[in-house]
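For the sequence shown, my numbering assigns the number 223 to the initial residue and increments by one for each residue that follows. Glycine included, C-beta positions come from ideal geometry on N, C-alpha and C. Written below as structure tokens is the structure these notes are about.
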Amino acid sequence: MPISVRSERGASRLTAPLCSLVKSALALEGRRPGEIAIVLADDATLRDLNHRWRGIDRATDVLSFDYGDTATRLRRRSAPLRADASGPVNGDLVISLDRMRDQAKRYRVSQGRELARLVIHGTLHLAGLDHRQAAERRLMRARENAALRAGRDAVSALERAVGGAAVRPR
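Here is the structure:
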């Protein structure tokens, strides 16, 4: 099943490293990718989606939309982590390139590394991880860091791709 990347332009150089990061983040969780769409967008798009789907009227950096059925999503929220670790992971990741650029400056990292962190973060959400409570936040951060280390070649490729050309949101 495919992992796809959509952006107004400039996504072709990002497709392979983004797909690699999704696969490696899921592998660390003992999961496999199914159908996953990565959409590179702008703050206005993320604000609209965040308001429509979460009732929060502000932009955010990444949103994850699980294709799973409602019962599966509800079980994940009420059960321990990895309660539903069977089957492929399917969903959409929508990333704000505006937030990515701002956060890269704030965190003093390259735009490629911040984009890698955001796609990993969103992928971990699709795999069932969350960060509502302090213990969950620590676990999520540890898993993000492990996935960044495992995908260091893909991170380097993103750093070259994002640093060399402007990526426009979809």
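Inspect the beta-carbon positions of residue i and residue j and report whether they are closer than 9 angstroms.
i           : j           : result
residue 345 : residue 318 : no
residue 240 : residue 369 : no
residue 321 : residue 261 : no
residue 286 : residue 314 : yes
residue 267 : residue 316 : yes
residue 243 : residue 373 : yes
residue 340 : residue 351 : no
residue 288 : residue 347 : yes
Whose C-beta lies closer than 8 angstroms to the C-beta of residue i among residues of the same chain, with five residues either side of it excluded?
i           : result
residue 329 : 336
residue 246 : 369, 372, 373 and 376
residue 293 : Only weak support exists for where residue 293 lies, its pLDDT of 44 falling under 50; the value from the coordinates is given anyway. Once the five neighbours on either side are set aside, residue 293 has no close Cβ partner at all.
What does the Cβ neighbour count give for residue i, buried or exposed, with the cut at 16 atoms within 10 Å?
i           : result
residue 255 : buried
residue 356 : exposed
residue 277 : exposed
In terms of residue numbering, what span does the beta strand (DSSP E) encompassing residue i cover?
i           : result
residue 385 : It is not in any beta strand (DSSP E) - residue 385 instead sits in the alpha helix (DSSP H) that spans 374-386.
residue 259 : 255-263
residue 284 : 284-288
residue 226 : 225-228
Can you tell me which of the options puts its alpha carbon nearest to the alpha carbon of residue i?
i           : options          : result
residue 309 : 323, 248 and 265 : 248
residue 382 : 234, 311 and 358 : 234
residue 280 : 270, 324 and 288 : 270
residue 342 : 228, 363 and 289 : 363
residue 367 : 289, 264 and 338 : 338
So, for residue i: in the same chain, excluding its five sequence neighbours on each side, which residues have a beta-carbon less than 6 angstroms away from its beta-carbon?
i           : result
residue 378 : none
residue 359 : 353
residue 225 : 241, 244, 255 and 258
residue 380 : 239, 334, 337 and 338
residue 326 : 333 and 336
residue 365 : 346
residue 290 : none
residue 275 : none
Closer than 7 angstroms by C-beta to residue i: which residues in its own chain qualify, once you throw out the five before and the five after it? Chain order, please.
i           : result
residue 349 : 248, 251, 253 and 311
residue 273 : 279
residue 323 : 333
Please list the terminal residues of the continuous alpha helix (DSSP H) segment that includes residue i.
i           : result
residue 320 : 319-329
residue 333 : 333-348
residue 243 : 234-250
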